[in-house]
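The structure under discussion appears below in the form of structure tokens.
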Amino acid sequence: MKKSLAEFIGTFWLVFGGCGSALLAAGFPNVGIGLLGVSLAFGLTVVTMAYALGPVSGAHLNPAVTIGLWIGGRIPSKEVLPYILSQIAGGIVAATALYFIVTGNGTEIGSFAANGYGEHSPGNYSMQAAIITEFIMTFMFLLIILGATDDRAPKGFAGLAIGLTLTLIHLVSIPVTNTSVNPARSISQALFVGDWALSQLWLFIVIPIVGACVAGLVYKGLLRDNS
């Protein structure tokens, strides 16, 4: 229960802080934080939760991360489903809070920071471009998580490395897909947008999980210390 609660709170913070920055502050007249600010916000949510809740649950905050760590032999099978359910629930609660805040001044939710491709991509990038982007980004994200948390890595810096990685991922991929690499983040926003966001949601569930699984296999098979 403690681990599940930690994952719920941590994912709530990631979605609330990251998507909230995009919805409320990115384009605020004259002083908006822009794409750089949104990228930093997502990274900062992970850094803060890694140090606050990492000792409790590992601060996965992401079903793809949980599955990738399981494939990599880092967590037992019994923890996978409770973690994923807690992450999705945390994301949905955060999106609910954001819905009431965003509409609090009469504003429509619009795309609600949902992930998309084609005409729903910020830069009108194709489905193929979205698949390649989400796969590479999630693969590298998991590879860095696995490496930064390895027993051979310097102690105490994993949270910083992982948070900076998520910042870099957003700096590159926001124009392509609005950046997912996290099914819980994608599900939470798509539920409120409905329509096109739900019809395209499969990509932001399947591809991050596939990328995470491949990273887990690569690290487990080729990079982990098996001595």
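Following my numbering, the numbering of the sequence shown begins with 1228 at its first residue and continues without gaps. Each residue gets a CB set at the ideal place from its N, CA and C atoms; glycine is no exception.
CB contact flag (residue i, residue j, <9 Å)
i	j	result
S1348	V1399	no
F1177	A1439	Any property of residue 1177 remains undetermined from this structure, which presents the chain solely from 1228 to 1454.
P1520	A1411	An answer regarding residue 1520 cannot be provided, because it is not within the stretch 1228 to 1454 covered by the chain.
E1234	S1304	no
G1281	L1369	no
L1262	A1322	no
I1260	S1248	yes
Y1185	S1338	One cannot answer for residue 1185 here, as it falls past the ends of the chain, which runs 1228 to 1454.
G1443	I1294	yes
Separation of residue j from residue i, as counted between CA atoms
i	j	result
L1271	L1391	8 Å
G1264	T1406	14 Å
G1421	G1350	21 Å
A1388	T1394	10 Å
I1436	C1246	21 Å
K1230	A1316	14 Å
V1441	I1328	38 Å
S1413	L1250	14 Å
Q1427	D1377	35 Å
L1325	E1335	12 Å
Extent of the continuous alpha helix (DSSP H) to which residue i belongs
i	result
H1397	A1385 to T1404
P1282	G1261 to S1284
A1252	Run containing A1252: none; DSSP gives neither H nor E here.
T1365	M1354 to A1375
T1293	P1290 to I1298
R1412	P1410 to V1420
T1330	Careful: T1330 lies outside any alpha helix (DSSP H) and carries neither H nor E.
P1435	L1428 to V1445
Classification of residue i by the beta-carbon crowding that lies within 10 angstroms, buried from 16 upward
i	result
L1425	exposed
S1266	buried
T1330	exposed
F1255	exposed
L1296	buried
L1511	In the structure as shown, the chain starts at 1228 and stops at 1454, and residue 1511 therefore has no counterpart that could be examined.
M1228	exposed
E1346	exposed
F1239	buried
S1313	buried
F1362	buried
N1409	buried
N1257	exposed
G1386	buried
Nearest to residue i (by Cα), restricted to the options the options
i	options	result
I1358	W1429, G1386 and A1249	W1429
K1447	A1252, L1395, R1301 and L1262	R1301
A1252	W1240, G1237, A1268 and F1239	A1268
L1232	I1434, C1440 and L1288	L1288
S1415	G1443, G1318 and G1331	G1318
G1244	G1281, I1396, I1363 and T1275	T1275
W1423	G1259, V1445, A1340 and T1376	A1340
V1307	A1286, A1385 and A1322	A1286
V1320	L1241, I1432 and V1445	L1241
V1445	S1413, Y1326, Y1344 and L1373	L1373
V1292	R1451, M1364 and G1333	M1364
T1360	E1335, V1433, R1451 and G1337	V1433
A1356	F1431, N1257, G1443 and Q1314	F1431
Near the ligand GDP: residue i beta-carbon under 8 Å from a heavy atom
i	result
C1246	Among the ligands in the structure shown, none appear at all, so the ligand GDP cannot be discussed.
C-beta neighbour in chain C for residue i, strict 9 Å
i	result
C1440	Absence of chain C from the displayed structure is noted, only one protein chain being present.
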